[in-house]
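Read the structure below first, then the notes.
2 protein chains.
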Amino acid sequence: MSPNTAFLNHTFIDAAQASVLITDLSIQRGYGIFDFFKTVNGKPVFLDDHLERFYNSAKKMHLHVNQTPAELKDIITELMRRNNLPDSGIKMTLTGGYSTDAYTLPATPNLIITQLPLTVPQGFQTGGTSLVTYPYQRQLSEMKTLDYSMAIWLQPFIKENNADDVLYQYDGLIKETPRANLFMVTAKGEVITPKNNILSGVIRKNILNLKNSGFRLIERDFSLEELYNASEAFITSTTKNILPVLKVDGKEIGDGQAGEITRQIFNLLLEKIK
Amino acid sequence: MSPNTAFLNHTFIDAAQASVLITDLSIQRGYGIFDFFKTVNGKPVFLDDHLERFYNSAKKMHLHVNQTPAELKDIITELMRRNNLPDSGIKMTLTGGYSTDAYTLPATPNLIITQLPLTVPQGFQTGGTSLVTYPYQRQLSEMKTLDYSMAIWLQPFIKENNADDVLYQYDGLIKETPRANLFMVTAKGEVITPKNNILSGVIRKNILNLKNSGFRLIERDFSLEELYNASEAFITSTTKNILPVLKVDGKEIGDGQAGEITRQIFNLLLEKIK
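These protein sequence lines map, in sequence, to chains D and Y. The opening position of the first sequence corresponds to residue 271 in this note's numbering, with each subsequent residue numbered one higher. The opening position of the second sequence corresponds to residue 271 in this note's numbering, with each subsequent residue numbered one higher.
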């Protein structure tokens, strides 16, 4: 296996050697942002959406990106050329960086770009997934920060509940999973995704923007009870595209099978990714 | 200036060169824990309390410390010998560490111990401090995690409000500042500190354990309104010991001067640190 290349600040380096000093605000304070997109057949998917969110997250977290979006694109192109991984995930991380006292802004962020093999299944995943809910509202939820403390802390809880992942709800309203947005389909055929205090996912955005889907695509908050009574549900993310949700808290959603409307939306989305 | 020494996993190294690989869960996910204690005249202060909390935080966050407390003490002693900094702050960080996919536990944590000069004022700081409140409940609040996202994000907010630091309140109940516990003194002379969903600070604990203080030391939650009407208030932390709070949200606490009961508690505490 040829060595994997990463990009760190100004330089392409061997990813296995890439490190940052322990004074970085990510290590000291868990502070920083990132974004993550996939390449399929050597082509980045929804790259402009991911770059837009990356710069937005940085700005809202008071961090400065030294490169312009065009410069970042050039770096990504060169990284892809060096690694030659047609199907991959590319992660752009902007750490909080070096601060005079490991606390106070402004700091000098470290830009880290990594690329790893990633094959997102192209077929509809009827096997689906099973979620368990937990009461939690992500902090600074509109920014894609490095903070996954709760998600990682909950890993034993997820196992104990025989689930594949956790679904956050707060004050009885459904939010999101740690790394995916949720949609439900009602008996009336409405396709609804939570609106407030969530991370606006790129797949979510591209589903909401589907033209001629034939479905009523709606952003509004809804309760755990409504989700239990949905006829279908699915989650969306860069690594999953769309994955049917068959169970929540051990209860079957609809008939407990991957839904027909979910499948149709999956097909429409796939047209945009090919 | 002689080079500063840090300890990383198994080795004493030049602190300026100490780094961790970018795959560490602290950089990838903001995951990890730490503790921080001071040395005064070459003597660690409340070290057993800090070690106890360090191991508790690690255990509750599903992280394993390879060293026993006795081994950590030996490492700390050797670090102090090498750095020769009688008045210092020593930070022990246990990062989330290396995980197969930068997400899933178990991971292999990195242990980082650093020592920097720190002189905590030995006199009573009548100049005090001014706080501005913000609605926030720290997540995983009983563990001393690396997560200071909100604290750092709020730095511009603190400046805009001409305050020195932020005081978290949630659902109208006072919690803590990002790096200190809060106490208030009522007109009846009760000394009260919030009880639930806070980090249990070592100075806070040692104040609550003061014998013969002559004061009623009480743990109970109280409202922002009660704090506004307190006759005195102060914050406690390793780096501050006790610092009078003169203003909250621009309103003077009591007569806006450092309080007499605060001073007496400060003197009692100092006896335990000398």
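Glycine is no exception: its CB is placed at the ideal position from the N, C-alpha and C atoms.
- Secondary structure of residue 462 of chain Y (DSSP, three-state): strand.
- Membership of residue 333 of chain D in any beta strand (DSSP E) is not indicated, and neither H nor E is assigned to it by DSSP.
- Of all C-beta pairs linking the segment 420 to 431 of chain Y to the segment 348 to 355 of chain D, fewer than three are shorter than 8 Å, placing the two stretches out of contact.
- Contact between the segment 459 to 466 of chain D and the segment 306 to 317 of chain D is absent, with fewer than three C-beta pairs closer than 8 Å.
- Excluding its 5 nearest sequence neighbours in each direction, residue 331 of chain Y has C-beta neighbours in its own chain below 6 Å: 303 and 413, listed in chain order.
- Following the DSSP letters along the chain, one finds residue 404 of chain D inside the beta strand (DSSP E) bounded by residues 399 to 405.
- The DSSP-derived three-state label of residue 372 of chain D is coil.
- Residue-level contact check: residue 299 of chain D touches chain Y, since one or more beta carbons of chain Y fall below 8 Å from its beta carbon.
- For residue 410 of chain Y, the closest Cβ of chain D is nearer than 8 Å.
- Judged by DSSP secondary structure, residue 514 of chain D falls within the beta strand (DSSP E) whose first and last residues are 511 to 518.
- The Cβ-Cβ distance between residue 514 of chain Y and residue 491 of chain Y does not fall below 8 Å.
- Taken atom to atom, the span from the alpha-carbon of residue 387 of chain Y to that of residue 469 of chain Y is near 25 Å.
- Cβ proximity to chain Y below 9 Å picks out 276, 278, 285, 286, 287, 288, 289, 290, 291, 292, 293, 294, 295, 296, 297, 298, 299, 300 and 301 from the segment 273 to 301 of chain D.
- Assigned with DSSP and collapsed to three states, residue 451 of chain D falls in strand.
- Boundaries of the beta strand (DSSP E) around residue 362 of chain Y: 358 to 365.
- Note that the segment 320 to 338 of chain D does not touch the segment 520 to 527 of chain D; fewer than 3 beta-carbon pairs, one per stretch, sit closer than 8 Å.
- For residue 425 of chain Y, the chain D residues whose C-beta falls within less than 8 Å of its own C-beta are 332, 374 and 375, listed in chain order.
- Sixteen is the threshold: since fewer than 16 other Cβ atoms of the shown chains lie within 10 Å of the Cβ of residue 280 of chain Y, the residue is exposed.
- Residue pairing by DSSP puts residue 507 of chain Y in a beta bridge opposite Y/511.
- Annotation: the continuous alpha helix (DSSP H) that includes residue 535 of chain D extends over 530 to 543.
- No Cβ of chain Y is located within less than 8 Å of the beta carbon of residue 305 of chain D.
- Classified as buried, residue 418 of chain Y has 16 or more neighbouring CB atoms from the shown chains inside 10 Å of its CB.
- Our two residues, residue 409 of chain D and residue 428 of chain D, have alpha carbons roughly 21 Å apart in a direct line.
- Here the segment 275 to 290 of chain D makes contact with the segment 366 to 385 of chain D; the two share three or more CB pairs at distances below 8 Å.
- Distance from the CA atom of residue 352 of chain D to the CA atom of residue 318 of chain D, rounded to whole angstroms, is 22 Å.
- Residue 480 of chain Y sits close to residue 487 of chain Y, with the two beta carbons spaced by under 8 Å.
- Chain order gives the chain Y residues near residue 419 of chain D as 300, 301, 409, 410, 415 and 417, where near means a beta carbon separation below 7 Å.
- Under the three-state reduction of DSSP output, residue 297 of chain Y falls in the helix class.
- Look at the beta carbons and you see the segment 435 to 447 of chain Y not touching the segment 353 to 369 of chain D: under three pairs across the two are nearer than 8 Å.
- Listed as beta-bridge partners of residue 307 of chain D by DSSP are D/360.
- Taking 8 Å as the cut-off, the beta carbon of residue 335 of chain Y is found no closer than this to the beta carbon of residue 292 of chain D.
- Around the beta carbon of residue 392 of chain D, a 10 Å sphere encloses fewer than 16 other beta carbons of the protein chains shown; the residue is thus reported as exposed.
- By alpha-carbon distance to residue 342 of chain Y, the top candidate from Y/354, Y/356, Y/355 and Y/360 is Y/360.
- For residue 471 of chain Y, no chain D residue has a Cβ inside 7 Å of its Cβ, as the nearest lies near 17 Å away.
- Close CB contacts of residue 394 of chain D within its chain, under the 6 Å cut and outside five residues either way in sequence, are with 533 and 536 (chain order).
- Between residue 431 of chain Y and the set Y/272, Y/530 and Y/520, the nearest pair of CA atoms involves Y/520.
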